[in-house]
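A.B. asks:
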Amino acid sequence: MLKYLIRRLLLSLPILFGITVITFGIIHLTPGGFTSIQMDMNPNVSPDSAARLQELYDLDKPLYQQYVLWVSRLLRLDFGRSFLDQRLVIAKIGERLPATLLLSGLSIFMIFLLGIPLGVYSAMHHNTRRDRVITMMTFAGYSIPAFWLALLCMLLFSVILDWLPMSGIRDIDHDFLSPLGKFWDYVLHLILPVTITAFGGLASISRYTRGNMLEVVRQDYIRTARAKGLAKNRVYYVHALKNALLPIITIIGLAIPGLIGGSFIFETIFAWPGMGRLAYDAAFGFDYPTIMGIAVIGAVLTLLGNILADVLYALNDPRIRL
Amino acid sequence: MPWTHAYPGAIIVPDSSILSVKDLVVAFPGVSGEGVQVVRGCSFSIGRGKTLGIVGESGCGKSITALSILGLVPIPGIIQGSIKYQGQELVGLEEKECEKLRGAEISIVFQDPSTALNPVFNLEQQLVETILRHKNIGSREACDMAIESLKQVDIPDPQKRIKDYPHQLSGGMKQRVLIAMALLCDPSCLILDEPTTALDVTVQAQILDLIELIQRSKNMSIILISHDLGIISEISDEIAIMYAGRIVETTCPSEIINSHRHPYTKGLIESIPKIDSKKKKLKTISGFPPDPQEMPSGCPFHPRCTRRLEKCVKLMPPKTLVNDNMSYACWNPV
Ligand SMILES: Nc1ncnc2c1ncn2[C@@H]1O[C@H](COP(=O)(O)OP(=O)(O)OP(=O)(O)O)[C@@H](O)[C@H]1O
Ligand SMILES: [Mg+2]
Numbered sequence: 092m093l094k095y096l097i098r099r100l101l102l103s104l105p106i107l108f109g110i111t112v113i114t115f116g117i118i119h120l121t122p123g124g125f126t127s128i129q130m131d132m133n134p135n136v137s138p139d140s141a142a143r144l145q146e147l148y149d150l151d152k153p154l155y156q157q158y159v160l161w162v163s164r165l166l167r168l169d170f171g172r173s174f175l176d177q178r179l180v181i182a183k184i185g186e187r188l189p190a191t192l193l194l195s196g197l198s199i200f201m202i203f204l205l206g207i208p209l210g211v212y213s214a215m216h217h218n219t220r221r222d223r224v225i226t227m228m229t230f231a232g233y234s235i236p237a238f239w240l241a242l243l244c245m246l247l248f249s250v251i252l253d254w255l256p257m258s259g260i261r262d263i264d265h266d267f268l269s270p271l272g273k274f275w276d277y278v279l280h281l282i283l284p285v286t287i288t289a290f291g292g293l294a295s296i297s298r299y300t301r302g303n304m305l306e307v308v309r310q311d312y313i314r315t316a317r318a319k320g321l322a323k324n325r326v327y328y329v330h331a332l333k334n335a336l337l338p339i340i341t342i343i344g345l346a347i348p349g350l351i352g353g354s355f356i357f358e359t360i361f362a363w364p365g366m367g368r369l370a371y372d373a374a375f376g377f378d379y380p381t382i383m384g385i386a387v388i389g390a391v392l393t394l395l396g397n398i399l400a401d402v403l404y405a406l407n408d409p410r411i412r413l
Numbered sequence: 133m134p135w136t137h138a139y140p141g142a143i144i145v146p147d148s149s150i151l152s153v154k155d156l157v158v159a160f161p162g163v164s165g166e167g168v169q170v171v172r173g174c175s176f177s178i179g180r181g182k183t184l185g186i187v188g189e190s191g192c193g194k195s196i197t198a199l200s201i202l203g204l205v206p207i208p209g210i211i212q213g214s215i216k217y218q219g220q221e222l223v224g225l226e227e228k229e230c231e232k233l234r235g236a237e238i239s240i241v242f243q244d245p246s247t248a249l250n251p252v253f254n255l256e257q258q259l260v261e262t263i264l265r266h267k268n269i270g271s272r273e274a275c276d277m278a279i280e281s282l283k284q285v286d287i288p289d290p291q292k293r294i295k296d297y298p299h300q301l302s303g304g305m306k307q308r309v310l311i312a313m314a315l316l317c318d319p320s321c322l323i324l325d326e327p328t329t330a331l332d333v334t335v336q337a338q339i340l341d342l343i344e345l346i347q348r349s350k351n352m353s354i355i356l357i358s359h360d361l362g363i364i365s366e367i368s369d370e371i372a373i374m375y376a377g378r379i380v381e382t383t384c385p386s387e388i389i390n391s392h393r394h395p396y397t398k399g400l401i402e403s404i405p406k407i408d409s410k411k412k413k414l415k416t417i418s419g420f421p422p423d424p425q426e427m428p429s430g431c432p433f434h435p436r437c438t439r440r441l442e443k444c445v446k447l448m449p450p451k452t453l454v455n456d457n458m459s460y461a462c463w464n465p466v
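Line order of the protein sequences matches chains C and H. Going letter by letter, the first sequence gives residues 92 to 413 in the numbering used here. Going letter by letter, the second sequence gives residues 133 to 466 in the numbering used here.
Here's what the structure looks like:
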């Protein structure tokens, strides 16, 4: 197992290298650039000072040299400073990451915690009215645009009923609340964003689980389990589910990078101070160090997510040896 | 006159039989119409401690008959008729009540051992849960019982083997484990659906010996399903020949070779290969068993029958009794 992990981690290095080369290439080849935003439309900038600014940020060097410089700094875990506000990239990410982790973590947790049992339940009651009701709901989940639902829910729960805060992560008076009050404040602010961001994923995971379950319950070993006299719940939730989980584990691995990526749309709608906003602003401001920082962390998490999925897979399926 | 009503309960001797199946019909409703009947009025019974062998070609409904006894006919199959276990009617029994019987009173070993064990649980988990389901004992004790059961079916080194996952076992071992699993709670009735078809001949013989041994020590009734008449006549007390969802002849091993009556039985016997036979080519029954969706009129065997009369095409032959445990359904018996 340990040997496998080390091998996988080593194998990930070339992939990581490839990802950084491609990302670096793409953002530097994008028309425009940091200095052109600052100066192209500004009549007061002389060509001379433009060149000086390029030089300051090493942007005058050939691309490969810029890349080598960037990598050599990265190896010292130096992500550089943001072009936009000169702050350390690592600090900028550090202050945004917790909010996104909290939101996407809870949302992914909800998706799997509710989606899987919902799918199993649906499969257990295959072709009955309960199954059809769930199927209808999941199709609604697929097809209703979540940003639209978000606005409707904000209107209903925040404006009309005034039960939940509309946006943000905490109240203005948050700092004056008791510890319990602070916690509750976070909870209230999380309810709408978590529900809305989990909505679509919940629909697909429950649908996917249902499909896998229906496939698995046709297998001979399920008939054996029933022939032993096991109760229906045990047959479905233990014997069938453990087999049906195998493909779902892959999806869990794929969900990990989303954990930090955050969603620009939802973070904007809910004024959530997360990574999605940060990445958006960085991309439009040609803030190369920040973009690359986010890309590297994202790539590392994606690779770790894949490894995690493989390990979970092996833990669940004895036929797979690591 | 439908054949199934000709002699209601003809071969059922109420007191000595532990399980009796009467006029069993299993149908799968299709997308359109009333669907297909794959078992069409099957009746048999089995005495305590006895072995009933059911023989028939592939697709004649043997497995479905076995599944209907346990109430495990795949959805959307519909069961009609009567299945009585120790006087209790099983057709239409509540699922919860069925669960109590399955594995405890009536056990089944399925046809294909390679897919019958859950690949993601080890043997211990799969054996112990059966015991815990039906017996009121601790899990330590249950584990000891499980090891004991593996020992009983001659699995070497059971303490170690019990931690194995199904993929680590050979086909013969899996079959043994499945037999052990079926026997865990000392059922009174064991259904073996082609227990040896997937195995090579030597292992086959071992498993059959093992089954006979266990049966004698526990006075268990066995329904042995096979398409191999040789195996059936070796260990059965009674033999039922099944064709197109019906029992067409009941007989016993001592009589089957010399005094069979149904032409289909004759065909089956003639198609058994013999080692010392000089003949190059085996006799076979010409044609194929009928598709359940397009059953021929009259006797379902008539298109393949060499003794066909005009009557056979139109009328279903009734069951004719020879004695208490011998009967046949044919207009022109051998
Ligand atoms: N789920 C199902 N839906 C519809 N028809 C089915 C279903 N399962 C089985 N059948 C049909 O029922 C008939 C009897 O099948 P069964 O499995 O009992 O045959 P069998 O006698 O056990 O054959 P074999 O010797 O190959 O095991 C077959 O014609 C099969 O096509
Ligand atoms: Mg079969």
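By construction, the Cβ of each residue, glycine as well, lies at the ideal position given by its N, Cα and C atoms.
What are the uninterrupted segments assigned as alpha helix (DSSP H) that are 4 or more residues long and contained completely in the segment 338 to 423 of chain H, given in chain order?
C.D. replies: Fully enclosed alpha helix (DSSP H) runs of 4 or longer: 361 to 367, 385 to 391 and 395 to 402.
A.B. asks: Can you check which of these residues, C:M215, C:I202, C:Y371 and C:I385, is closest to I342 (chain C) by C-alpha distance?
C.D. replies: Along the first sequence, one-based indexing puts residue 342 (chain C) at 251. Of C:M215, C:I202, C:Y371 and C:I385, the residue nearest in Cα terms is C:I202.
A.B. asks: If I'm right that A236 (chain H) touches D325 (chain H) with Cβ under 8 Å, what's the distance once you round it to whole angstroms?
C.D. replies: If you number the second sequence from 1, residue 236 (chain H) lands on position 104. If you number the second sequence from 1, residue 325 (chain H) lands on position 193. Actually they are not in contact, since the Cβ atoms of A236 (chain H) and D325 (chain H) sit about 19 Å apart, beyond 8 Å.
A.B. asks: So is R261 (chain C) in contact with chain H if we call contact Cβ pairs under 8 Å?
C.D. replies: Position 170 of the first sequence holds residue 261 (chain C). R261 (chain C) does not count as touching chain H.
A.B. asks: Which term fits M304 (chain C), buried or exposed, when burial requires 16 or more other beta carbons within 10 angstroms of its beta carbon?
C.D. replies: Taking the first sequence and counting its residues from 1, the one referred to as residue 304 (chain C) is at position 213. It counts as buried.
A.B. asks: By the criterion of Cβ-Cβ separation under 9 Å, what are the contact partners of N324 (chain C) in chain H?
C.D. replies: Here the question's residue 324 (chain C) lines up with position 233 in the first sequence. Those within 9 Å of N324 (chain C) in chain H number zero; the least Cβ separation is about 11 Å.
A.B. asks: Below 8 Å, how does it come out for the segment 191 to 199 of chain C and the segment 272 to 290 of chain C: are there three or more Cβ pairs, yes or no?
C.D. replies: With the cut-off at 8 Å, the segment 191 to 199 of chain C and the segment 272 to 290 of chain C touch.
A.B. asks: Within 10 Å of its beta-carbon, does L400 (chain H) have 16 or more other beta-carbons around it, so buried, or fewer, so exposed?
C.D. replies: Against the second sequence, residue 400 (chain H) aligns to sequence position 268. Answer is buried; the Cβ neighbour count reaches 16.
A.B. asks: Can you list, in chain order, the residues of the segment 283 to 307 of chain H whose Cβ is nearer than 7 Å to any Cβ on chain C?
C.D. replies: Within the segment 283 to 307 of chain H, the qualifying residues are Y297 and H299.
A.B. asks: Output the distance between the C-alpha atoms of I287 (chain H) and N254 (chain H), rounded to the nearest integer angstrom.
C.D. replies: Within the second sequence, residue 287 (chain H) is the residue found at index 155, counting from 1. Within the second sequence, residue 254 (chain H) is the residue found at index 122, counting from 1. Approximately 15 Å, taken between the alpha carbons.
A.B. asks: Ignoring anything shorter than 3 residues or poking outside the segment 147 to 197 of chain C, list the beta strand (DSSP E) runs there in chain order.
C.D. replies: None, since the segment 147 to 197 of chain C contains no complete beta strand (DSSP E) of that length.
A.B. asks: Using the rule of at least 16 other Cβ atoms within 10 Å of the residue's Cβ for burial, across every protein chain shown, is I97 (chain C) buried or exposed?
C.D. replies: By 1-based counting over the first sequence, the position of residue 97 (chain C) is 6. Exposed.
A.B. asks: Please compile the residues from chain H whose C-beta is within a distance smaller than 7 Å of the C-beta of D401 (chain C).
C.D. replies: Locating residue 401 (chain C) in the first sequence gives position 310, counting from the first residue. Ordered by position in chain H, no residue passes the 7 Å Cβ test against D401 (chain C), which lies about 16 Å from the chain.
A.B. asks: Is D155 (chain H) near ligand 2, in the sense that its beta carbon is under 7 Å from a heavy atom of that ligand?
C.D. replies: If you number the second sequence from 1, residue 155 (chain H) lands on position 23. Answer for D155 (chain H): no, Cβ out of range of ligand 2.
A.B. asks: In chain H, which residues lie with their C-beta within 7 Å of the C-beta of K94 (chain C)?
C.D. replies: Taking the first residue of the first sequence as 1, we reach residue 94 (chain C) at position 3. The premise fails here: K94 (chain C) is roughly 21 Å from chain H at the closest Cβ pair, so nothing lies under 7 Å.
A.B. asks: Note the first and the last residue of the continuous beta strand (DSSP E) segment covering L453 (chain H).
C.D. replies: To locate residue 453 (chain H), count along the second sequence from 1; it is residue 321. Its beta strand (DSSP E) spans residues T452 to N455.
A.B. asks: Anyone know if the C-beta pair for H392 (chain H) and T382 (chain H) falls short of 8 Å?
C.D. replies: Here residue 392 (chain H) refers to the residue found at position 260 of the second sequence. Here residue 382 (chain H) refers to the residue found at position 250 of the second sequence. No, they are not a contact pair.
A.B. asks: Which of helix, strand or coil does DSSP assign to I269 (chain H)?
C.D. replies: For the purposes of this step, residue 269 (chain H) is taken as residue 137 along the second sequence, with counting starting at 1. Coil.
A.B. asks: Flag this pair as yes or no: are the beta carbons of R368 (chain C) and T381 (chain C) separated by less than 8 Å?
C.D. replies: As a first step, residue 368 (chain C) is located in the first sequence; it is residue number 277 there, counting from the start. As a first step, residue 381 (chain C) is located in the first sequence; it is residue number 290 there, counting from the start. Their beta carbons are not under 8 Å apart, which means R368 (chain C) does not touch T381 (chain C) by this criterion.
A.B. asks: Measuring alpha carbon to alpha carbon, tell me which of H:Y297, H:M458, H:S148 and H:K182 ends up nearest L406 (chain C).
C.D. replies: Your numbering for residue 406 (chain C) matches position 315 in the first sequence. Among H:Y297, H:M458, H:S148 and H:K182, the Cα nearest to that of L406 (chain C) belongs to H:Y297.
A.B. asks: Rounded to whole angstroms, what's the CA-CA distance from I251 (chain C) to T229 (chain C)? Just pull it up for me.
C.D. replies: Along the first sequence, read from residue 1 onward, the residue named residue 251 (chain C) stands at position 160. Along the first sequence, read from residue 1 onward, the residue named residue 229 (chain C) stands at position 138. So the alpha carbons of these two residues sit roughly 26 Å apart.
A.B. asks: Only counting the same chain, and skipping five residues up and downstream in sequence, which positions put a Cβ closer than 7 Å to that of G141 (chain H)?
C.D. replies: Position 9 of the second sequence, counted from the first residue, corresponds to residue 141 (chain H). In this prediction, G141 (chain H) scores a pLDDT of 45, lower than 50, which makes its location untrustworthy; the coordinate-derived value is nonetheless stated afterwards. K154.
A.B. asks: Does any CB atom of chain C fall closer than 8 Å to the CB of G167 (chain H)?
C.D. replies: Here residue 167 (chain H) corresponds to residue number 35 of the second sequence, with the count starting at 1. No, because no Cβ of chain C sits closer than 8 Å to the Cβ of G167 (chain H).
A.B. asks: Along chain H, in chain order, which residues have C-beta atoms closer than 8 Å to that of D311 (chain C)?
C.D. replies: Start at 1 with the first residue of the first sequence, and residue 311 (chain C) comes out as number 220. Chain H residues near D311 (chain C): F242, D244, T247 and A248.
A.B. asks: Does P405 (chain H) come within less than 8 Å of chain C when only Cβ atoms are used?
C.D. replies: Here residue 405 (chain H) is taken as the residue at index 273 of the second sequence, counted from 1. It does not; no Cβ of chain C falls within 8 Å.
A.B. asks: Relative to the C-alpha of C431 (chain H), which residue among H:V157, H:L204, H:S281 and H:R172 is closest?
C.D. replies: Taking the first residue of the second sequence as position 1, residue 431 (chain H) is located at position 299. Nearest of H:V157, H:L204, H:S281 and H:R172 to C431 (chain H), Cα basis: H:R172.
A.B. asks: Could you check the C-alpha separation between Q291 (chain H) and T329 (chain H) for me, to the nearest Å?
C.D. replies: As a position in the second sequence, residue 291 (chain H) is number 159, starting the count at 1. As a position in the second sequence, residue 329 (chain H) is number 197, starting the count at 1. So the two alpha carbons sit approximately 28 Å from each other.
A.B. asks: Verify the CB distance criterion: does L202 (chain H) have a CB-CB separation below 8 Å to chain C?
C.D. replies: On the second sequence, residue 202 (chain H) is found 70 positions in, with the first residue counted as 1. By this cut-off, L202 (chain H) is an interface position.
A.B. asks: Can you give the Cα-Cα distance for A390 (chain C) and L100 (chain C), rounded to whole angstroms?
C.D. replies: The residue labelled residue 390 (chain C) in the question sits at position 299 within the first sequence. The residue labelled residue 100 (chain C) in the question sits at position 9 within the first sequence. Each residue's alpha carbon lies about 13 Å from the other.
A.B. asks: Grab the span of the alpha helix (DSSP H) containing M366 (chain C) for me, first residue to last.
C.D. replies: Residue numbering aside, residue 366 (chain C) sits at position 275 when the first sequence is read from its first letter. M366 (chain C) -> alpha helix (DSSP H) spans M366 to F375.
A.B. asks: Under 8 Å, Cβ to Cβ, is there at least one residue of chain H near P409 (chain C)?
C.D. replies: Translated into the one-based positions of the first sequence, residue 409 (chain C) becomes position 318. True, the Cβ-Cβ gap to chain H drops below 8 Å.
A.B. asks: Just checking: is the beta-carbon of P251 (chain H) within a distance shorter than 8 Å of some beta-carbon in chain C?
C.D. replies: The count along the second sequence starts at 1 and reaches residue 251 (chain H) at position 119. P251 (chain H) counts as touching chain C.
A.B. asks: Can you give me the Cβ contacts of G206 (chain C) inside the same chain, cut-off strictly under 6 Å, excluding the 5 residues immediately before and after it?
C.D. replies: As a first step, residue 206 (chain C) is located in the first sequence; it is residue number 115 there, counting from the start. Same-chain partners within the cutoff: L293, I296 and S297.
A.B. asks: Between K267 (chain H) and chain C, is any beta-carbon pair separated by less than 8 Å?
C.D. replies: The sequence position of residue 267 (chain H) within the second sequence is 135, counting from 1. No, no contact with chain C.
A.B. asks: Counting by C-beta, which residues lie closer than 7 Å to a heavy atom of ligand 2, in chain order?
C.D. replies: Going by the Cβ distance cut-off, the answer is H:K194, H:S195, H:Q243, H:D325, H:E326 and H:I357.
A.B. asks: Where does R308 (chain H) land, buried or exposed, given buried means 16+ other C-beta within 10 angstroms?
C.D. replies: Indexing the second sequence from 1 puts residue 308 (chain H) at position 176. So R308 (chain H) counts as buried.
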